[in-house]
Structures are given as structure tokens and as C-alpha cells.
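Mapping the sequence shown onto UniProt numbering, position 16 (from 1) lands on 16, and the numbers just tick up by one. Where is the CB? At the ideal position from N, CA and C, for every residue including glycine. A short write-up of the structure that comes next.
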Amino acid sequence: MDDITATLRVKSPDLALTETVANVAAATVKPVSGAGTAPNLGAYLFSVRTDDFERFEAALRGDPTIESFSRLVADGPEAVYRFEYDPDATVFSAAIAAVDGISIDWTNDGAAWIVRVWLPDREALASLWEYATDHDVEFSLERVYEHTSFADSRPELTDDQRDGLLLALEMGYFEEPRAATLSDVAEELGVSQPAAGGLLRRGVRRLVESRVAVRSEDATGV
């Protein structure tokens, strides 16, 4: 069955970080690309852009979905934070991983989140809708593109990139929390950790360029 790339809009006060971004609407909050969850720690890395970090951190302290946070790196109006979520927080990225999906991009939109995600089929999309319904998450489908299967041989990926991405997917590297580290993937591939990281990044970039940055006339809307 054909895989899809979908743009979703999700909203719920129980979604992690929602109260913070609702109270500091001018801040832009996005997961750090390729970082996901720190292995075995349940920690999430986000890039935060704001002109008032004190206000942002005050909002974090009052956010019931955040158990702890730390500012790791700061450069002018942008910083990288590590968040640990409260056990009762709704983590939609975990639902995406549970259906073998891959989060491509998250952007806060007031108290809502715009999520771009790759999914293996439409059944996975239906499962996300069911998860949202079960967890009282407002869910709307903004756009969807259909593609051929992720496992198919595609000219935009080299054999090494395709094999590396599929191996990482099978090992649980893209899950939330991750079932395998980059070091685990590198060892299985028989390459160094930097080489494995570069291979996966280049592969994901090619997938995004060929499947997400698709011309609207090639898209199948829903």
C-alpha cells in the first residue's frame, strides 16, 4: 500500500508544551531535527526562538506537562532546551512512532501544533485519528500526499542510504523513546558513528526533498 506524507493540526491542553506556547505566543518552538529523545532518559530536545527567555521559562515552570527543563545552548534569540515531560502529558510523537511513522516537522500555532509526518499507509493515519479521539485531542487533516512505498527502490536514495534508513527503522532508531541509539545503528552498519549519522541525515534530506517538497499539482488532496 502507498505511503503518505500528511500535515496535521492537533490541539489539546494535555499535549506536551501546549500551555507554554499558548502563554508565550511569540515564541517559536520546534524539535531539534534528528535529535528525538535522549536514549533511556525520556528527554526531548527543542529549539526555542524568543526575545524573552525569562518569560518563556516562567511559562515552563507553570506548565503541568513539563516535569523538568534545562537550557543547553543559547545563541542570541535562539536556544536549545531539554525537556522531560510529566508522565500524564499526552505525547503525540509517541503515537506517530507507534504506527511506524516519522515526524518531519513540528511548529507551534498558538495553542495548537502543525505536524508534518511520514506514514506507511492510510491505516496509520486512521490510527492517529483514533488516538486523538481517545485522548481528547482536536485533530484536523490539513493536507496529504500519496507516494509509493517507503521500502521501494527509489532513484533519489543511494543503496547505502536506503539500507541505512530501513535498518534504523527496524532497530527502533526513529521511535519515541528510541529503542536504538545512533551508536547501535553504526555498529550494525559497520561504520563509525559520525558516518552513520551523516548517512541517515543525507537519506532523510533526500526523502524530504523528493516526497515532502512536492509540487502541488502532483499531490492527491483529501
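Exercise. In the stretch 67-95, which residue ranges form an unbroken beta strand (DSSP E) of at least 3 residues, counting only runs that do not cross its ends?
Worked result: 78-85
For this session: Could you tell me which residues DSSP pairs with P31 in its beta bridges?
Result: On the sequence shown, residue 31 is found 31 positions in, with the first residue counted as 1. In DSSP, P31 forms a bridge with F46.
Exercise. Would you call the stretch 182-202 and the stretch 97-106 in contact, with 3 or more CB pairs under 8 Å?
Worked result: no
Exercise. Is it buried or exposed for P194, if we count other Cβ within 10 angstroms and need 16 for buried?
Worked result: Within the sequence shown, the letter at position 194 stands for residue 194. Its Cβ having fewer than 16 others within 10 Å, P194 is exposed.
Problem set entry | CA-to-CA distance, D109 to E19, given in whole angstroms | The residue given as residue 19 occupies position 19 in the sequence shown. The residue given as residue 109 occupies position 109 in the sequence shown. Going from the Cα of E19 to the Cα of D109 covers about 12 Å.
Problem set entry | Residue from E84, S127, F53 whose Cα sits closest to the Cα of A97 | One-based indexing of the sequence shown puts residue 97 at position 97. The option with the nearest alpha carbon to A97 is S127.
Problem set entry | Buried or exposed (CB count within 10 angstroms, at least 16 for buried), A26 | Here residue 26 refers to the residue found at position 26 when the sequence shown is read from its first residue. Burial call: exposed.
Exercise. Can you pull the DSSP bridge partners for D109?
Worked result: What you label residue 109 is simply residue 109 of the sequence shown in a count that begins at 1. DSSP output for D109 lists A112 as bridge partner(s).
Problem set entry | Chain-order list of residues whose beta-carbon lies under 6 Å from that of R9 (same chain, five-residue window excluded) | Taking the sequence shown and counting its residues from 1, the one referred to as residue 9 is at position 9. For R9, where only same-chain residues beyond five positions count, the Cβ hits under 6 Å are A112, I114, S140, E142.
Exercise. Quick one: Cα of Q161 to Cα of A16, how far?
Worked result: Sequence index remark: in the sequence shown, residue 161 carries index 161 (1-based). Sequence index remark: in the sequence shown, residue 16 carries index 16 (1-based). So the two alpha carbons sit approximately 32 Å from each other.
For this session: Consider the Cβ of L72: report whether some Cβ of chain D lies at a distance smaller than 9 Å.
Result: The structure shown contains no chain D, having only a single protein chain.
Problem set entry | Segments assigned alpha helix (DSSP H), at least 4 residues, entirely inside the UniProt domain "HTH bat-type" (157-208) | 159-171, 182-189, 193-207
Exercise. Looking at C-alpha atoms only, which residue of E130, E78, D63, R82 is the closest neighbour of L72?
Worked result: Your numbering for residue 72 matches position 72 in the sequence shown. Closest by alpha carbon: R82.
Exercise. Hey, L167 and E188 are a contact pair by Cβ (cut 8 Å); roughly how many whole angstroms apart?
Worked result: Stepping through the sequence shown from its first residue, residue 167 is reached at position 167. Stepping through the sequence shown from its first residue, residue 188 is reached at position 188. About 6 Å separates the two Cβ atoms, so the contact holds.
Problem set entry | G164 burial status per 10 Å Cβ neighbour count (16 or more: buried) | Position 164 of the sequence shown holds residue 164. Result: buried.
Exercise. Skipping 5 residues on each side, what residues in its chain have a beta carbon closer than 7 Å to that of Y131?
Worked result: Numbered from 1 along the sequence shown, position 131 holds the residue referred to as residue 131. Cβ within range, chain order: A95.
For this session: Using 10 angstroms around the beta-carbon of A89, count the other beta-carbons present and answer buried if the total reaches 16, otherwise exposed.
Result: Walking along the sequence shown from the start, residue 89 turns up at place 89. Counting Cβ neighbours within 10 Å, A89 comes out buried, since at least 16 surround it.
Exercise. Within 10 angstroms of its Cβ, does S93 collect 16 or more other Cβ (buried), or is it exposed?
Worked result: Mapped onto the sequence shown, residue 93 falls at position 93. Buried, because 16 or more other Cβ atoms sit within 10 Å of the Cβ of S93.
Problem set entry | Sub-9 Å separation of A179 and G190 beta-carbons | Indexing the sequence shown from 1 puts residue 179 at position 179. Indexing the sequence shown from 1 puts residue 190 at position 190. In this structure, A179 keeps its C-beta atom at 9 Å or more from the C-beta atom of G190.
Problem set entry | Spatial neighbours of E176 in its chain, beta-carbon cut-off 6 Å, leaving aside the 5 residues before and after | Position 176 of the sequence shown, counted from the start, is the residue given in the question as residue 176. T37, S93, A94, A97.
Exercise. Since D136 and S12 are thought to touch, with beta carbons under 8 Å apart, how far apart are those beta carbons, to the nearest angstrom?
Worked result: For the purposes of this step, residue 136 is taken as the residue at position 136 of the sequence shown. For the purposes of this step, residue 12 is taken as the residue at position 12 of the sequence shown. With 8 Å as the limit, D136 and S12 qualify as a contact, their Cβ atoms being about 6 Å apart.
Exercise. Is D159 buried or exposed, if buried means 16 or more other CB atoms sit within 10 Å of its CB?
Worked result: Against the sequence shown, residue 159 aligns to sequence position 159. By the neighbour-count definition (other C-beta atoms within 10 Å, threshold 16), D159 is an exposed residue.
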